[in-house]
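Trainee: Chains as they are written, first to last, in my numbering: chain A, 3 to 322; chain B, 3 to 322; chain C, 3 to 322; chain D, 3 to 322. Just so it is clear, CB atoms sit at the ideal spot from N, CA and C, and this is done for glycine as well.
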């Protein structure tokens, strides 16, 4: 019998990508997709299915539910779905931060599920593979930033102080919305920082890297898809940083190590499930650039990696 | 009698901007423009003039020559023009670095004019105003980076160690050229770092800031004009960085101080002679964003500022 | 005493351009600007003024009122302002169509001011210069299309049947709004027709050209500003179409005739008050391309032309 | 034994797409790829292969050779490869025009292979399916234009006179090249016509449509991929044009008929092998819009359609 998968939140940019990937996945069955705007219409990319509402979706008998919903919606849906026996992969931030006390500041709500927060696996496979009923799929910036620095910190090749991460994302990272801020007139021919020192992915990155402080500054790019992350760290001098990255990622099927920082381009990562990594160092510092598609390795394709791991499949099934 | 101005290199993007600005300048006369591709054609924006070659240009009797030529051309032209009694404002890097030994590494030539290098005034008016026969007009990134950090360093508000400057420029910064690298197909929908730790503006920024080391990483934006510079520095705790910037720039006619780092946008700086500055700080760090038009405050309009200072005019003459 | 000018609707893209132009106009005084979103804030570009609401604006004693308001607002404002002794230049479609019966179909309202409709001068100076209390400033597409074909039709160089006009506009033509349709995600990397055979400028173009039918198809470009209009007409064989255009536009200060259709580029018209015109013909057909900035020659700078004519000033005053 | 396929010209944009499609094709073997710039390097997307030069490529024993080479190269390669027993699908214009006399004007060479020209099948499957040793794969604009109008002309729904086709293409249509004309600075924020009345696809479209004259005007869009074709024709009144298109395309697997002209968007056709078609009519005229990806349905994926037909496979094999 096929593994039945459901997607909650199928009309956002991430949900649309998830549905595309699941529709082509050879080992699972996409059984249900919810949408708040398209109920009753054929599912885009899977016309044999029809979008249902969240309430109907909750009634579906699912082996695994993928939540592409806002964090507050995920916080309510996840315990209900787990109680019904489904496993859950949540693409929002609702279960990513182990410290519940951070939620009011970074997500504007009190966390009501501390036990699930403790239980949830933070699903960044290239950092740690595990199994769990509930997987918190990492944030897009957090994925790009952690993959840039984690092996270097773990090996002691760089100091955990004075980490500076400057990143830039395409507009799809802001989600589908009718707003003047993300209108063509406001975004095109422009580039600017936002939420500097205060972005909700900052504590997520710090948690993954195991550091107390880091400086993270995201920027908005006039393009649709992709993130470039430029991380700067001080070398300890104990290890060649390029060699450390090469060893760490030698067998990772979804990471491409490039010869230097400037070989990493968003254009080569867009529309792929890959993370591109490149580093340039001198005697004292290393610059690591990573590039991902924010909707794929930063969201939907990483959720498929986590789904494959959860089901005991090859991690790249459906992603080639 | 009018002050006679000549432009060498009038067909590059910077040269074209210079000619536009000089054509509208109420207090000087644009008397000569050279071009290597348009000799004999009417000067764009000043059809009463015709482009001449460099050799003819050298014969023109000029009060001030503005050089929008490659560094090696400027290195040859400047001493000749000075010897003929003209004053010179050079927009290339040929006279910017006080340490001649840096030229082979960053500009690929041995500097042959050490006396002129010593004599040249580095013309960043908001950092230092002076007078000289020969002015080295600052680089675009160097302008944006120095204006972000100089007042903070001068006041002792930030530490001179661990400075990290991530910057991004529109494509016009690469100059006018037929190359696959800067084709629409390669640049659009992409974003990447280049020359990380090795850009020729790095020593220029360090020289202006008076620091031994800094990490400077430029990136290429899929847009025509503008630079955003995002600088991160550690606070000493002795001064409020925002107050320091406010005091430093209170009376600067071409700097706009904005309430925080993310209020600084390339779109608001493009096609203006302004530098926008904004800072966001917490207890330990400050992020300063600056935005300029790389062809104006990063090149042509800053040259007009220097021309006005050289001639004893109001610094913003012709720039309003 | 200065001529006092007021702008109604100063926070839309057209209104912002109008204010910029009036602020630099040497012969008039910008006395009042209304805005529905920024009441009480300093007027952008004229910080000595503050935005007022429409009601307060109506009380201002104005020599000329420029209306950058929706058509239904203009329909109410214009008679009130005329009754108070102001002259009016309306940038909406409210007074452009001589046939009141067309309004319900193309503007979704019954026209309530037939006498003013009859009185209004259609202000396309290069087609007809006149004077009036009330000027209907032409639409952006209508300007570009009429300037492409009017001289050819007037001279009998082309047949009035089978005219096909394909045009493309930057996104600012849609106005400032928060909508998913004009979000960066929907507009960038896309191109499509809209309102084909049914755009409200179609009858306006037909009226100016004096033809019964024409095929007009607008398209949406992934860029901010500018319109390119590509018009195709059948030659009568009686006149050389290029010679006709050359004669018609020889003395027009704001038209640049280029040597062929493909020499006309939006990039050269953007941010200028010009209309670029170029034609390519063979034995039976002519293709005429025109390019304008939709916010300038298609709206604000054309309103300034009309203002100058109304006040007996040089038509290009404030536009050089 | 597998069908062995070779690609000549594997480093252009079309060649790269061809290689990607063939690498994933389940029923053929990609055996050889030539490149003039990457000889000896691993083939992009198929690292087990290495690029070879044209001379080595000619020696390969191929069942079918796909030529993504300039027309003059194809003119030389095709007869050689046919003589060696390979079948040939040529993606250039070398074998598209039945009238050899048109080549000097539109392709700047005398055609030296009139027999092959007569023999070649013009491979636009939705217009005519056939089999041949030599297939001329249609041009990108020609595909979009023919699919807009052919069923209407064939049914007698529109007049063959006064056809006007305005089309716009992304920059990849110009091929990979280092030129100032296609630099980011020249293409972005611009839109213009080119080769109006004189494009080499004009006689190709006329030949497919079976009309004597048509007006075809291509434009250059500031985006990478995709063509939108907007065709205008006069109705005969004998048939409902929308019904004619619906009937013609009801069973076409790679055509999507949309409810009206403005529903056709490049964004929905890009990166797909589809042609989107939509029509809007009134009593006298019809506007038909079509959208394709110029590199896929306009080149590489259409070549795969032709390859599948040649080999007796399902036409969409490898394209789903």
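List the residues of chain D that residue 187 (chain B) touches, going by C-beta distances under 8 Å, in chain order.
Mentor: 15, 173, 174, 178, 184, 226
Trainee: In terms of alpha-carbon separation, which member of A:59, A:254, A:77 lies closest to residue 99 (chain A)?
Mentor: For the residues A:59, A:254, A:77, the minimum Cα distance to residue 99 (chain A) belongs to A:77.
Trainee: Residue 44 (chain A): buried (16+ other C-beta within 10 angstroms of its C-beta) or exposed?
Mentor: exposed
Trainee: Going by other Cβ atoms of all chains shown within 10 Å of its Cβ, with 16 needed for buried, is residue 152 (chain D) buried or exposed?
Mentor: buried
Trainee: Going by C-alpha to C-alpha distance, which of C:49, C:35, C:53 sits closest to residue 64 (chain C)?
Mentor: Measuring from the Cα of residue 64 (chain C), the nearest candidate turns out to be C:35.
Trainee: Which class does residue 171 (chain B) belong to by DSSP, given the choice of helix, strand or coil?
Mentor: strand
Trainee: Measuring alpha carbon to alpha carbon, tell me which of D:171, D:244, D:288, D:75 ends up nearest residue 295 (chain D).
Mentor: D:171
Trainee: Could you pull the start and end residues of the beta strand (DSSP E) that residue 280 (chain A) belongs to?
Mentor: 277 to 283
Trainee: For residue 34 (chain C), which of helix, strand or coil comes out of DSSP?
Mentor: Here residue 34 (chain C) sits in strand by DSSP.
Trainee: Which of the three DSSP states is assigned to residue 217 (chain C) in this structure?
Mentor: strand
Trainee: Classify residue 179 (chain D) as buried or exposed, calling it buried when 16 or more other Cβ atoms lie within 10 Å of its own Cβ.
Mentor: exposed
Trainee: Could you run through the region 153 to 167 of chain B and flag, in chain order, every residue whose CB is less than 7 Å away from some CB of chain A?
Mentor: 164, 166
Trainee: Exposed or buried, which one is residue 316 (chain D) when buried takes at least 16 other CB atoms within 10 Å?
Mentor: exposed
Trainee: Taking the alpha carbon of residue 194 (chain D) as the reference point, which residue from C:37, C:262, C:158 has its own alpha carbon closest?
Mentor: C:262
Trainee: Name the DSSP beta bridge partners of residue 207 (chain D), please?
Mentor: None, per the DSSP bridge assignment.
Trainee: Considering only the beta carbon of each residue, do residue 70 (chain A) and residue 95 (chain A) sit closer than 9 Å?
Mentor: No. Outside cutoff.
Trainee: Please tell me whether residue 281 (chain C) and residue 291 (chain C) are closer than 9 Å, where the distance is taken between their beta carbons.
Mentor: Judged by beta-carbon spacing, residue 291 (chain C) lies within the 9 Å limit of residue 281 (chain C), meaning their Cβ atoms are closer than that value.
Trainee: Going by C-alpha to C-alpha distance, which of D:231, D:160, D:28, D:235 sits closest to residue 166 (chain C)?
Mentor: D:235
Trainee: Could you tell me which chain B residues have their CB closer than 8 Å to the CB of residue 230 (chain A), listed as they occur along the chain?
Mentor: 193, 194, 195, 221
Trainee: Leaving out five residues on either side along the sequence, give the residues of the same chain with a beta carbon under 6 Å from the beta carbon of residue 219 (chain B).
Mentor: Excluding sequence positions up to five before and after residue 219 (chain B), its CB lies within less than 6 Å of the CB of 168, 195, 198, all in the same chain and listed in chain order.
Trainee: State yes or no: is the C-beta of residue 186 (chain B) within less than 9 Å of the C-beta of residue 224 (chain D)?
Mentor: yes
Trainee: Indicate whether at least one CB of chain B lies closer than 9 Å to the CB of residue 37 (chain D).
Mentor: no
Trainee: Kindly indicate which residue of C:132, C:302, C:216, C:61 has the alpha-carbon position closest to the one of residue 17 (chain C).
Mentor: C:302
Trainee: What residue ranges within the region 57 to 123 of chain D form continuous beta strand (DSSP E) runs of no fewer than 3 residues, ordered along the chain?
Mentor: 66 to 69, 89 to 92
Trainee: Which residues mark the beginning and the end of the beta strand (DSSP E) in which residue 52 (chain D) is found?
Mentor: Start and end: 48 to 52.
Trainee: Report yes or no: is there a C-beta of chain C within less than 9 Å of the C-beta of residue 88 (chain A)?
Mentor: no
Trainee: Does any C-beta atom of chain B lie closer than 9 Å to the C-beta of residue 268 (chain A)?
Mentor: At least one chain B Cβ lies under 9 Å of residue 268 (chain A).
Trainee: Along chain D, in chain order, which residues have C-beta atoms closer than 7 Å to that of residue 238 (chain C)?
Mentor: By Cβ distance, chain D contributes nothing, its closest Cβ being about 15 Å from residue 238 (chain C), past 7 Å.
Trainee: Following the continuous alpha helix (DSSP H) through residue 146 (chain B), name the residue where it begins and the one where it ends.
Mentor: 142 to 157
Trainee: Hey, would you say residue 139 (chain B) sits closer than 9 Å to residue 22 (chain B), going by beta carbons?
Mentor: no
Trainee: Using a Cβ cut-off of 9 Å (strictly closer), state whether residue 142 (chain C) contacts chain D.
Mentor: It does not: the Cβ of residue 142 (chain C) has no partner Cβ on chain D nearer than 9 Å.
Trainee: Check the Cβ of residue 170 (chain B) against every Cβ in chain A and list those closer than 8 Å, keeping chain order.
Mentor: 170, 193, 221
Trainee: For the beta strand (DSSP E) containing residue 258 (chain D), list its first residue and its last residue.
Mentor: 257 to 260
Trainee: DSSP on residue 244 (chain B), reduced to helix/strand/coil?
Mentor: helix
Trainee: Taking the beta strand (DSSP E) that residue 236 (chain D) falls in, what are its first and last residues?
Mentor: 229 to 236
Trainee: Considering only their Cβ atoms, is the gap separating residue 86 (chain D) from residue 60 (chain D) smaller than 9 Å?
Mentor: Closer than 9 Å, so yes.
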